[in-house]
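Comments concern the structure below.
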Amino acid sequence: MNQYIHTSTNQKQDRLLLFFAGWGMDERPFIQYTPRESDFMICYDYHTLDFDTSSAARYSHIDVVAWSMGVWAASQVLSRIALPVNGSVAINGTPFPIDEKRGIPPAIFEGTLEGLNEVSLRKFQRRMCANGSAFDSFRHITPQRSAEDLKEELAAIARQYRELPPASFSWKKAIIGENDRIFPPANQHTAWEETSASILHGNEAHYDESLFTQYLK
């Protein structure tokens, strides 16, 4: 796992906004968001779920936001380590990323993995976005990672999901975009109904800048 941190230039902060991005990401799509009175850590690349706790140890107040496959990654990481987590928001993802009824159906996941190349990756990224205009905006901040690297990451996610025990981390809030074409909204709802999380429905796509503007602050 990579951990990119942006620290406040004004003064030393006690608060950290800890963000787990989705599969295939790096920091580029998210560095535009600068939380107020807070440092900002972006986690991505889930070849492994090794998390360097020393980079978060000094903060007394941590708010967690996770998106897409990052919801699963955060669930696993935060089940294993003790951090002073205050709020937690899951966006368009579940702790069960490869699941017929609670995540991405296995056949679709495997099809994405087996057929992944530069062309299919662009099609996937287009499906993440609400429309052509949103996709054009995303293309200006596309992660600088190859399709081969992303294919290896996706295979590693599948392997870890099979091998790791279920996560015990409890989310406080789950956001479900009804226009999500990656994680089926009905499956997200089924997953979160099993938990104590407050569920909020909206009209957003899977990748939607309005959600990041609202919650990465």
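For the working numbering, add 2 to where a residue sits in the sequence shown, where the first one is 1. By construction, the Cβ of each residue, glycine as well, lies at the ideal position given by its N, Cα and C atoms.
Under the three-state reduction of DSSP output, K125 falls in the helix class. With fewer than 16 other Cβ atoms from the protein chains shown falling within 10 Å of its own Cβ, R60 counts as exposed. Residue pairing by DSSP puts N181 in a beta bridge opposite A207. Straight-line spacing of the CA atoms in N181 and A169 works out to 27 Å. Look at the beta carbons and you see the region 48 to 66 not touching the region 105 to 123: under three pairs across the two are nearer than 8 Å.
Nearest Cα to F185 within the set H208, L18, G26: H208. With contacts defined as CB atoms closer than 7 Å, L85 and A68 fail to qualify as a contacting pair.
By the neighbour-count definition (other C-beta atoms within 10 Å, threshold 16), A176 is a buried residue. Between L213 and the set L166, S81, A23, the nearest pair of CA atoms involves A23. Closest in C-alpha terms to R124, from the list A193, H203, Q146, comes Q146.
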